[in-house]
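Novice: Quick one: the structure is below, and I'll ask about it shortly.
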Amino acid sequence: MSTEKLPTRSENFSEWYNQVILRAEMADYSPVRGTMVVRPYGWTLWENIKDALDRRFKETGHVNAAFPLFIPMSFLEKEKEHVEGFSPELAVVTIGGGEKLEEPLVVRPTSETIIGYMYSKWIKSYRDLPVLINQWANVVRWEMRTRLFLRTMEFYWQEGHTAHATEAEAREETLRMLDVYTDFAINEAAVPVIPGRKSETEKFAGAVESYTIEAMMGDTRALQSGTSHFLGQNFAKAFDIQYLDTSNTLQYCWTTSWGLSTRFIGAIIMTHGDDQGLVMPPRLAPLQVVIVPIYRSDEERAKVMPVADQVFQALKGFRVKLDDRTEVTPGFKFNDWELRGVPLRIEIGPRDVEKGVVTAARRDIPGKAGKTALPIEGLAAQVDELLKTIQSALLERATAFRDAHISEPADYDGLKEAVKDGWVYVWWCGSKECEAKIKEDTRATTRCIPMNQPGGTGRCIHCGGEAHEKVYIARAY
RNA sequence: CGGGGUGUAGCGCAGUUGGCAGCGCACCGCGUUUGGGACGCGGGGGUCGGCGGUUCAAGUCCGCCCACCCCGACCA
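Start counting the first sequence at 2; every next residue gets the next number (my numbering).
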C-alpha cells in the first residue's frame with residue numbers, strides 16, 4: 002500500500018475514486034484494456050451484496066439457474082430494437098478450434114435471447130407459468146471508455162428473467178423487483194435511491210418500459226444502480242414463447258428482466274467514501290470490526306495481546322479481524338483500515354487494559370470525536386448497537402447530501418445553472434426534442450420519472466408546454 | 001474514430017552535449033521502534049514499449065509500429 006495521501010474528493014473526484022479502489026485492494030487493472038480483476042476485498046463485498054439480494058429473490062419466489070456464455074448471433078437479430086441497441090458493443094467469436102465457425106457466436110451482453118429461446122421450449126401451458134428464474138453471471142459489452150466497477154468490458158451481475166400469463170402480472174413483477182432493489186439499496190447499502198421510470202430514449206433496447214433506481218454520488222453526478230424492465234410481448238413474439246390458456250387458446254407470454262451489477266460497488270464507494278478512503282456500510286462490509294493492539298515493550302505486549310485475543314473471540318459473531326502485524330505501527334494500521342473503510346476499529350492498549358475497556362473508533366466520524374471507551378464486559382452487544390448506529394448514520398448523511406443537491410429551478414436558465422452541481426426536479430412535457438436539447442445544452446440527461454409524482458400538471462421546463470409528469474435531470478455516469 | 005499526452009525496476013519518476021542505467025517508495029535480512037502513516041544499516045531486482053536505421057558507441061538522434069492514459073460522440 003502506498004503511504005502517500007489520497008487526492009481529496011473536491012480537488013479530483015475521479016482520481017480519488019481510482020486511487021481508493023487500487024489502494025484498498027478492491028480491484029486492479031488487468032492486461033486487457035477495459036477489464037479488471039476483482040480482488041478478494043472487493044469480491045467479498047460483492048458476495049455480501051449477492052447474499053442480500055439472493056435472499057430477497059428467493060423470498061419473492063425466484064430460483065437460480067445458469068445459462069451459457071455463448072449465444073448464436075442470429076438470436077440477437079430476432080428482436081429488432083435489441084440488436085440495434087447492442088450490436089455496437091458485441092464481442093463476437095468467429096473461430097473455434099482453429100476452424101472458422103458456421104455461425105458467429107456472441108459473448109452474451111445480456112441473456113434475454115437465449116433465455117427466451119429456452120422458455121419457448123419449456124412453456125406449453127398456463128400451468129407452467131409464471132417462470133421466475135434468476136442467474137448470477139458475467140457479461141461482456143465492448144465499451145469505449147471504461148472505469149473500474151462503473152463500466153468495464155466484462156462485468157458481473159445478476160439477471161432475472163420471468164415469463165407470465167398476463168400483462169398485469171408481468172407489470173406487477175417488474176415493479177416488485179424495482180421495490181426489491183430499492184429496499185436492498187436503502188436498507189443494506191445505505192444508498193438512498195430514487196426509483197422511477199426511464200424515458201423512451203433512456204430505456205433498455207427491446208423493453209416496453211424500463212425502471213431504474215438512481216443514486217447521487219459524492220460529486221453529485223447520478224448513477225443508474227439497478228434496472229427492471231417490462232418487456233411486454235416483444236421477446237415472447239421474437240422467440241415464440243407461447244402457452245395454452247384455460248380455454249385452449251394459444252397466447253404469447255409477457256416477460257420481464259431485471260439486473261444489478263458490480264457497478265453497485267462503485268455506488269457504495271462514491272456514496273459513502275470520504276477523503277480518508279472507503280466507508281463501508283456495516284451490513285455489507287467485508288470486515289465490520291478490526292482490532293488493533295497497541296504496546297511499546299514486551300511487558301506491555303504480554304498484557305495487551307491476551308485481552309486482544311479475548312476480545313477477538315468475543316466478537317466472532319461479526320466479520321472481525323485481529324491485526325497482529327508486528328512490522329507496522331498502530332498509526333499505520335489506523336490509516337490502512339480507514340482507507341479500506343472498516344466501519345468500526347477497536348484499539349486496545351495498556352491504558353485500556355488497565356481500566357477494563359477498549360477504545361472504539363467509528364469510521365464515519367473521523368478523529369477523536371468518533372472514539373469512545375467501551376467496557377469489555379458485554380462488548381458484543383455494544384458493538385452490535387454501534388454498527389447499527391453507523392449504518393443508519395450513513396443513510397442519513399447520504400440522504401441529507403442528496404436532498405441538499407436537488408433543486409427545482411423556475412426556468413430553463415435556472416436548470417442550466419443547477420445541473421452543474423446537482424440534480425433538478427422539474428416538469429417535463431415528455432418530448433424527445435426537449436430531452437435532446439437539454440442534453441445538448443447541459444450534458445445532463447433525464448434520469449428517471451419518479452414513481453412518487455406530485456399529481457396535477459405543470460409547464461415543461463424547456464418548451465413551456467403542458468406537462469403531466471416531473472422528472473429528475475442530472476449529469477450521469 | 002477525432003484532439004492531447006506518456007512509455008526507463010512492482011509503483012512514481014530523473015537521466016545534461018550520444019560515453020559504466022539512477023533516485024524515492026515498495027520488497028528481503030538484522031537491530032531499535034509501536035496510543036494517528038517509525039528509523040538505522042545491509043541487500044535483491046532492468047530486453048530503457050517493439051522493430052529498423054545513423055554511430056567506434058544509442059535510454060538519449062532519425063523512421064516506422066505498438067500499447068496505455070486523459071478529453072469529446074455510445075452505455076449497467
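Ideal Cβ placement from N, Cα and C applies to all residues, glycine included.
1. Only counting the same chain, and skipping five residues up and downstream in sequence, which positions put a Cβ closer than 8 Å to that of Leu345?
2. Count the other C-beta atoms from every protein chain shown that fall within 10 angstroms of the C-beta of Val308, then say buried if there are 16 or more, exposed otherwise.
3. Here's the rule I'm using: 16 or more other beta-carbon atoms within 10 Å means buried, otherwise exposed. How should Gly466 be labelled?
4. Give every residue of the same chain whose Cβ lies closer than 6 Å to the Cβ of Asp414, excluding the five residues on either side of it in the sequence, and list them in chain order.
5. Is it true that the CB of Gln136 sits closer than 7 Å to the CB of Ala208?
6. Can you check the segment 194-260 for any beta strand (DSSP E) of at least 3 residues that lies completely inside it and give the ranges in chain order?
7. So what does DSSP say about Pro451, is it helix, strand or coil?
8. Can you tell which of Leu102, Arg302, Thr147 and Val64 has the C-alpha that lies nearest to the C-alpha of Phe71?
9. Ignoring anything shorter than 3 residues, give me the beta strand (DSSP E) runs that lie fully in the segment 327-371, in order along the chain.
10. Considering only residues of the same chain and omitting the five flanking positions on each side of Ile474, which have a CB-CB separation below 6 Å?
11. By the three-class DSSP mapping on this structure, what secondary structure does Pro69 have?
12. From Leu279 to Ile266, what distance separates their C-alpha atoms?
13. In this structure, what does DSSP give as the bridge partners for Arg460?
14. Does the Cβ of Gln314 have 16 or more other Cβ atoms within 10 Å, making it buried, or fewer, making it exposed?
15. Is the beta carbon of Thr256 less than 7 Å from the beta carbon of Ala164?
16. Please give the ranges of any beta strand (DSSP E) in the segment 76-141, keeping only runs that are unbroken, at least 3 residues long and fully inside the region.
17. By DSSP, does Thr163 sit in helix, in strand, or in coil?
18. Tell me which same chain residues have a C-beta within less than 7 Å of the C-beta of Glu174, skipping the five on either side of it?
19. Between His469, Phe205, Thr95 and Asp310, which has its C-alpha nearest Phe236's C-alpha?
20. In the DSSP output, what is Asp29 paired with across the bridge?
21. Which residue wins for smallest C-alpha separation from Gly219, given the options Asp276, Leu179 and Tyr212?
22. How would you call Gly62, buried or exposed, if buried means at least 16 neighbouring beta carbons within 10 angstroms?
23. For Ser200 and Val427, I'd like the C-alpha separation in whole angstroms.
24. According to DSSP, is Thr373 helix, strand or coil?
25. Which one of Thr458, Val472 and Pro451 has the shortest CA to CA distance from Ile439?
26. My output table needs one value for Val192: the three-state DSSP class, helix, strand or coil.
27. Using the Cα positions of Asp310 and Leu323, report the straight-line distance between them to the nearest angstrom.
28. If contacts are defined as beta-carbon pairs under 8 Å, then Tyr212 and Gly197 qualify, I think. What distance do you get, rounded to the angstrom?
29. Among Gly423, Ala437 and Thr221, which residue has its Cα nearest to the Cα of Trp429?
30. Can you tell me which of Asp55, Arg40, Phe76 and Pro110 puts its alpha carbon nearest to the alpha carbon of Leu149?
31. Taking the alpha-carbon positions, what's the Ile134 to Pro193 distance?
32. Quick one, which of Tyr157, Gly459 and Leu23 has its alpha-carbon nearest Ala261's?
33. Measuring alpha carbon to alpha carbon, tell me which residue in Glu100, Ile295 and Glu144 is nearest Glu328.
34. Quick one, which of His273, Thr221, Ile377 and Lys6 has its alpha-carbon nearest Ala477's?
35. Could you tell me the boundaries of the alpha helix (DSSP H) in which Leu323 lies?
36. How would you write the range of the beta strand (DSSP E) that Val293 sits in, first residue to last?
Specialist: Reading from the atomic positions:
1. Once the five neighbours on either side are set aside, the close Cβ partners of Leu345 are Pro283, Gln289, Val290, Val291, Ala361, Ala362, Arg363, Arg364, Val384, Leu387, Leu388 and Ile391.
2. Buried, because 16 or more other Cβ atoms sit within 10 Å of the Cβ of Val308.
3. Under the 10 Å beta carbon count, Gly466 is surrounded by fewer than 16 other beta carbons and is classified as exposed.
4. Excluding residues up to 5 positions away in sequence, nothing lies with its Cβ nearer than 6 Å to the Cβ of Asp414 in the same chain.
5. No, the pair does not count as a contact, with Cβ atoms beyond the cut-off.
6. Within the segment 194-260, the complete beta strand (DSSP E) runs of at least 3 residues are 194-198, 210-217, 223-231, 243-245 and 251-253.
7. The answer is strand: DSSP assigns Pro451 an E or B state.
8. For Phe71, the nearest C-alpha among the options comes from Leu102.
9. Within the segment 327-371, the complete beta strand (DSSP E) segments of 3 residues or longer fall at 345-349 and 358-363, listed in chain order.
10. Answer for Ile474: Val425, Ala445 and Thr447, listed in chain order.
11. Pro69: coil per DSSP, three-state reduction.
12. Taking the straight line joining both Cα atoms gives about 11 Å.
13. For Arg460, which the question treats as bridged, DSSP gives the partners Glu467.
14. Gln314 comes out exposed.
15. Yes, the pair counts as a contact, with Cβ atoms nearer than the cut-off.
16. Those beta strand (DSSP E) runs which fall completely within the segment 76-141 and span 3+ residues are 92-97, 100-108 and 132-141.
17. If DSSP states are grouped into helix, strand and coil, Thr163 belongs with the strands.
18. By the criterion of a C-beta distance shorter than 7 Å, Glu174 is surrounded in its chain by Thr163, His165 and Thr257, once the five residues flanking it on both sides are discounted.
19. For the residues His469, Phe205, Thr95 and Asp310, the minimum Cα distance to Phe236 belongs to Phe205.
20. Val38, per the DSSP bridge assignment.
21. Gly219 has its Cα closest to that of Asp276, out of Asp276, Leu179 and Tyr212.
22. Gly62 comes out exposed.
23. The straight-line gap separating the alpha-carbon atoms of Ser200 and Val427 is approximately 14 Å.
24. The DSSP-derived three-state label of Thr373 is strand.
25. Of the candidates Thr458, Val472 and Pro451, the one whose C-alpha sits nearest the C-alpha of Ile439 is Val472.
26. It is coil, neither helix nor strand.
27. Going from the Cα of Asp310 to the Cα of Leu323 covers about 8 Å.
28. With a beta-carbon spacing of about 7 Å, Tyr212 and Gly197 fall inside the 8 Å limit used to define contacts.
29. Ranking the options by Cα distance to Trp429, first place goes to Ala437.
30. Selected option, being the one with the closest Cα: Arg40.
31. Here the alpha carbons of Pro193 and Ile134 stand approximately 27 Å from one another.
32. Residue identity check: residue 261 is Leu in the sequence provided, not Ala. For Leu261, the closest of Tyr157, Gly459 and Leu23 by C-alpha to C-alpha distance is Tyr157.
33. Checked all of Glu100, Ile295 and Glu144; the closest Cα to Glu328 is Ile295.
34. The residue with the shortest Cα to Cα distance from Ala477 is Thr221.
35. Looking at the DSSP string, Leu323 is not in any alpha helix (DSSP H); the run it does join, the beta strand (DSSP E), is Val321 to Leu323.
36. Looking at the DSSP string, the run of the beta strand (DSSP E) that includes Val293 is Val290 to Pro294.
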